[in-house]
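Structure, as structure tokens:
Numbering (the numbering used here), first residue to last: 1 to 189.
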């Protein structure tokens, strides 16, 4: 497997619709000059943005966290340009971008240093070959203080790895349960 450069990412986004909407450069400020956490194409990756819809974890109903029987009441819906995550808690969000991963590509997600240096960890499972959808993001606030996430700004970086051989079964072939997801998607069984 080889990691793919900005040239490959641009070509795949522009000719195959791999990332929509796609930002071919690295955006660090809005047109009016306001600084933002950077997003768009980087040297060997793509920095995704967080959409302005969040699900913030709450224990208001004292529900058990069970991935096989997830209680949706464990979250409070928040819409807006920022989201406050309580201390030692987490929130779910989604990317602004919709991805269409090629059959011979695996995508790994890593957090951005701006958030990591604030104790905010971004977790995303790999985007498998032939998966498509908006990516559900998980933000863990590891601090004992409230933490702020900014919508429509960079939150994580996607790294693209292309294989020199095709896998025998893609995510689409398996009928993966998160195929084509839109919006913040909770655990499915």
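For glycine and all other residues, C-beta sits at the position ideal for the given N, C-alpha and C.
Annotation for residue 15: the continuous alpha helix (DSSP H) segment containing it runs 6–16. CA-CA distance, residue 73 to residue 2, rounds to 42 Å. Closest option to residue 58, judged by alpha-carbon separation, among 111, 77, 67: 77.
The beta carbons of residue 23 and residue 40 sit closer together than 8 Å. Taking the C-beta atoms as reference points, residue 51 is found nearer than 8 Å to residue 93. Taken atom to atom, the span from the alpha-carbon of residue 29 to that of residue 38 is near 8 Å.
Note on geometry: alpha-carbon atoms of residue 79 and residue 71 lie some 20 Å from one another. Rounded to the nearest whole angstrom, the CA to CA distance from residue 17 to residue 6 is 15 Å.
Contact check for residue 189 against residue 135 fails: the beta carbons are separated by 8 Å or more. If you draw a straight line from the Cα of residue 125 to the Cα of residue 106, it is about 11 Å long.
The three-state secondary structure of residue 103, taken from DSSP, is coil.
As summarised for the region 113–166, the continuous beta strand (DSSP E) elements at least 3 residues long and confined to that stretch are 120–123, 132–141, 147–150, 154–162, given in chain order. By alpha-carbon distance to residue 182, the top candidate from 56, 66, 99 is 99. Secondary structure note for residue 171: its alpha helix (DSSP H) is the uninterrupted segment 171–174.
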